[in-house]
Amino acid sequence: MKDIYFLKNADEEVIDTYDEDIIITNRQGRIIKVTNISGSLYDLEPHDLLGQSVYDLEERAIFSPAITPLVLKKRKKAITVQTTPNDRKVLITGIPLFNEYHDIEYVLSYSYEVSELFMLQEYLDELYDEMSRIKTELANMREASLNADGFIVRSQTTRELLQKVKKVAPYDADVVLQGEQGVGKSKIAHYIHTNSKRKNGPFITMNCSSIPDAIFERELAGKTSGEHHQDIGLADMAQSGTLYLEGVDHLSLHAQHILIKVLKAYNDQFRVIASTETSLTQLMTEKKIRKDLYYELQIVPVYIPALRERSEDLKYAIDQYKERLCDKYQLNRKFSKELYLALLDLDWPGNFFEVKHVIERMIVQSESETLTLNDLPFEYRGDENMEAYKLNGAPLNTVLENVEKQIIQNVKNHSKTTTEMAEILGISQPSVVRKLKKYSIQDKGE
Numbered sequence: 001m002k003d004i005y006f007l008k009n010a011d012e013e014v015i016d017t018y019d020e021d022i023i024i025t026n027r028q029g030r031i032i033k034v035t036n037i038s039g040s041l042y043d044l045e046p047h048d049l050l051g052q053s054v055y056d057l058e059e060r061a062i063f064s065p066a067i068t069p070l071v072l073k074k075r076k077k078a079i080t081v082q083t084t085p086n087d088r089k090v091l092i093t094g095i096p097l098f099n100e101y102h103d104i105e106y107v108l109s110y111s112y113e114v115s116e117l118f119m120l121q122e123y124l125d126e127l128y129d130e131m132s133r134i135k136t137e138l139a140n141m142r143e144a145s146l147n148a149d150g151f152i153v154r155s156q157t158t159r160e161l162l163q164k165v166k167k168v169a170p171y172d173a174d175v176v177l178q179g180e181q182g183v184g185k186s187k188i189a190h191y192i193h194t195n196s197k198r199k200n201g202p203f204i205t206m207n208c209s210s211i212p213d214a215i216f217e218r219e220l221a222g223k224t225s226g227e228h229h230q231d232i233g234l235a236d237m238a239q240s241g242t243l244y245l246e247g248v249d250h251l252s253l254h255a256q257h258i259l260i261k262v263l264k265a266y267n268d269q270f271r272v273i274a275s276t277e278t279s280l281t282q283l284m285t286e287k288k289i290r291k292d293l294y295y296e297l298q299i300v301p302v303y304i305p306a307l308r309e310r311s312e313d314l315k316y317a318i319d320q321y322k323e324r325l326c327d328k329y330q331l332n333r334k335f336s337k338e339l340y341l342a343l344l345d346l347d348w349p350g351n352f353f354e355v356k357h358v359i360e361r362m363i364v365q366s367e368s369e370t371l372t373l374n375d376l377p378f379e380y381r382g383d384e385n386m387e388a389y390k391l392n393g394a395p396l397n398t399v400l401e402n403v404e405k406q407i408i409q410n411v412k413n414h415s416k417t418t419t420e421m422a423e424i425l426g427i428s429q430p431s432v433v434r435k436l437k438k439y440s441i442q443d444k445g446e
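Heads up: the sequence shown begins at 1 in full-length UniProt numbering, then just goes up one per residue.
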């Protein structure tokens, strides 16, 4: 903004043409001109301001703060917000008026009440906070919508799995869940049911591996005993809901014949979700499943990976089981780095069931607060896991390097970045990079 120069004898004409709150002070900070509405924002009359020092008004908290001192100090236009004695908010702008010697002769200020603007800003701030909260809640709801109850979802593989089953859940198509024991097939089955059109109907589980052929039909379809009495079977109980056939790969060909007969008889009165450890396609190849049952069930096949294939889920499972079991038994336990790495490196054929079982054993049986490799059940410390620690005639340095390489490789397999590796190993990130290079292990990068 260009400097404004004050013309002598022109102030009276200028000031009288404005119906705004304008105040002019001299270089000493004394008010010499006001308009007919000046002071109204401060509950003062215009004549109450004339001759007053802005410094005195500031000290009395009438001008809080005064604009003139800011303009005199900066020698340029200044803007500030005042709070009046009656708690109004006033936006005030001060402009220096220079004489021919480029000295400030006067300061012209004009002001507007902005209390409503401040209230609007506060409202907008609150609205923004509320929107942020809602956004967070929606994100949590979306995350929750991708979580079957108790099913851990931390890896991209599992997220994609749940996105798939969420997509097919609303349809009445039969689903086959394939995966090892303990991967969470029953939880996924419940998830499909609760996201389906039949969610208000019953969810009935039939454990196919525990029912002998002799009573299979009675358990499934019921049995009439006497003229007016009938034992209700699981198929009747599942009407309008979902029948979950757990372990369908354990059914004999005879039981399969009964199953397909019952499914056709009930004609889509319930949805069928089946689980199997062996793929139905493989069972077909081995002639262990009837073709008609295969085509009846194999509409939407879903493969659930083993926990060892889901490193992020495994990490979370280990941490969660430790925390929950410590709370359950009112114990304070933590894992040594060596034990934690060993837990991450195990195959866990029993998946979640096995992880929980082993962690619970260690927490309950250990006398120490810090659990180490010595607390790991002996059957998980087989000779093959100790090979790296045998000399076999090699120099000690060579053996130690082999052990270090094995540990580095193990941590790399369960980490995303070298920074994360450094945190687990307790060394610096540059040291991790050097060791990766030393042992010709591919750098994960950042």
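Cβ coordinates follow ideal geometry from the N, Cα and C atoms, glycine included.
Which residues does DSSP pair with residue i in a beta bridge?
| i | result |
| --- | --- |
| L243 | I204 and V272 |
| P96 | V107 |
| K89 | T83 |
| S53 | R30 |
| T25 | I31 and V107 |
| E113 | V90 |
| F335 | L371 |
| D231 | K223 |
What are the boundary residues of the beta strand (DSSP E) that includes residue i?
| i | result |
| --- | --- |
| L177 | V175 to Q178 |
| P301 | V300 to Y303 |
| V81 | A78 to T83 |
| N351 | Taken as a continuous stretch (DSSP letters only), N351 belongs to no beta strand (DSSP E), being part of the alpha helix (DSSP H) at N351 to Q365. |
My output table needs one value for residue i: the three-state DSSP class, helix, strand or coil.
| i | result |
| --- | --- |
| L293 | helix |
| K33 | strand |
| P46 | helix |
| T370 | strand |
| K199 | coil |
| D345 | helix |
| K74 | helix |
| D172 | coil |
| Y389 | Low local confidence applies: a pLDDT of 44 at Y389 is under 50, so the model's placement there is unreliable, with the coordinate-based value given in what follows. Three-state DSSP puts Y389 in a helix. |
| I67 | coil |
| residue 448 | Since the first residue of the chain shown is 1 and the last is 446, residue 448 is not available in this structure. |
| Q121 | helix |
| I62 | coil |
Could you say which of the options lies nearest to residue i if we only look at CA atoms?
| i | options | result |
| --- | --- | --- |
| E246 | F352, I258 and S186 | S186 |
| L371 | N332, P349 and T398 | N332 |
| K166 | M362, H190 and V262 | H190 |
| F352 | I152, K435 and K287 | I152 |
| S279 | V176, Q82 and A61 | V176 |
| T80 | R308, G94, Q256 and L127 | G94 |
| R361 | P349, L346 and Y321 | Y321 |
| N267 | T194, L283, A238 and A274 | A238 |
| I407 | I188, D347 and I424 | I424 |
| H250 | L263, V272, M206 and V262 | M206 |
| L325 | R310, L346, H357 and Y295 | H357 |
| E296 | L127, A173, Q28 and T68 | A173 |
| E20 | G29, Q28, V34 and N26 | V34 |
| I299 | N374, D313 and T281 | T281 |
| V71 | I62, E105, R88 and T84 | E105 |
| P305 | L108, Q178, G39 and K291 | Q178 |
| T417 | E404, V403, K405 and V432 | V432 |
Specify, as a first and last residue, the run of the alpha helix (DSSP H) that residue i falls within.
| i | result |
| --- | --- |
| S186 | K185 to T194 |
| Q256 | L253 to Y266 |
| V432 | Q429 to K438 |
| I318 | S311 to Y329 |
| L234 | L234 to M237 |
| Q156 | Q156 to V168 |
| F216 | D213 to A221 |
| I424 | T418 to L425 |
| L283 | L280 to T285 |
Less than 6 Å separating the Cβ of residue i from some heavy atom of the ligand NAD?
| i | result |
| --- | --- |
| L50 | In the structure on display, the ligand NAD does not appear, and there are no ligands present to speak of. |
(request) For the region 193-205 and the region 234-246, state whether three or more C-beta atom pairs, one from each stretch, are separated by less than 8 Å. (result) With contact defined as three or more Cβ pairs closer than 8 Å, the region 193-205 and the region 234-246 are in contact.
(message) Using a Cβ distance threshold of 8 Å, determine whether the region 206-220 contacts the region 338-353, with at least three qualifying pairs required.
(response) no
(message) Using a Cβ distance threshold of 8 Å, determine whether the region 156-170 contacts the region 125-134, with at least three qualifying pairs required.
(response) no
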